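Peer 1:
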Amino acid sequence: MDASLRPEYIASSELATALRHPTEPRPIVVDVRDVDFAGGHIRTAINVPEWKFNDDANVDDLVERYKDEKQLVFHCMLSQVRGPKCAKRFLTRLQAVVKENAPRPVVQVLVGGYARFSELYKGETDLLED
Numbered sequence: 550m551d552a553s554l555r556p557e558y559i560a561s562s563e564l565a566t567a568l569r570h571p572t573e574p575r576p577i578v579v580d581v582r583d584v585d586f587a588g589g590h591i592r593t594a595i596n597v598p599e600w601k602f603n604d605d606a607n608v609d610d611l612v613e614r615y616k617d618e619k620q621l622v623f624h625c626m627l628s629q630v631r632g633p634k635c636a637k638r639f640l641t642r643l644q645a646v647v648k649e650n651a652p653r654p655v656v657q658v659l660v661g662g663y664a665r666f667s668e669l670y671k672g673e674t675d676l677l678e679d
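Residue numbering for the sequence shown follows my numbering, starting at 550 and increasing by one per position.
1. Straight-line CA distance for R555 to K637?
2. Going by Cα to Cα distance, which pick from V578, R631, K616 is closest to F602?
3. Less than 7 Å between C-beta atoms, sequence neighbours within five positions excluded: which residues of the same chain meet that for T641?
4. Is D609 closer than 8 Å to H598 when the C-beta atoms are compared?
5. Quick check on the burial criterion: 16 or more other C-beta atoms within 10 angstroms. Buried or exposed for A594?
6. Over what stretch of residues does the alpha helix (DSSP H) that includes Q620 continue unbroken?
7. Looking only at C-alpha atoms, which of I559, K648, A587, D585 sits nearest to I577?
Have a look at this one:
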């Protein structure tokens with residue numbers, strides 16, 4: 550596999566620091582869970598259920614919307630299957646849609662997913678939302 554199609558990984562502590570940074574642009578957090586998103590999620594996260602990544606047009610819309618961002622962080626509950634799969638799918642379409650030398654966002658997967666992040670930051674309303 551092309552190394553450019555492998556997402557990086559980011560720890561919960563790194564994501565929390567980035568989300569709380571007073572001057573840097575916040576990462577775009579992409580939560581690929583389905584109905585469980587409504588039961589709690591990272592504040593500011595966008596919800597794009599994993600099944601939407603099966604259609605190139607849906608992914609291309611995401612690429613078009615977020616290709617100029619600095620950082621995108623994908624996750625699901627544990628970030629073992631759905632989160633990494635969707636991050637790879639985004640990278641594949643990003644490579645297909647965006648010109649070769651154009652700047653691209655850093656695409657990452659949240660280690661431990663929402664489960665780990667919410668365990669570490671439970672009660673911290675600047676990071677989590679019910």
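Backbone N, C-alpha and C fix where the C-beta goes; we use that ideal spot for every residue, glycine too. Since the model is a prediction, treat every value here as computed from it, not as a measurement.
Peer 2: Considering the structure as presented:
1. 6 Å
2. R631
3. L554
4. The amino acid at residue 598 is misidentified as His; the sequence shows Pro. No, the pair does not count as a contact, with Cβ atoms beyond the cut-off.
5. Taking all protein chains shown into account, A594 has 16 or more neighbouring C-beta atoms within 10 Å of its C-beta and is therefore buried.
6. Not the alpha helix (DSSP H): Q620 falls in the beta strand (DSSP E), residues 620-624.
7. I559
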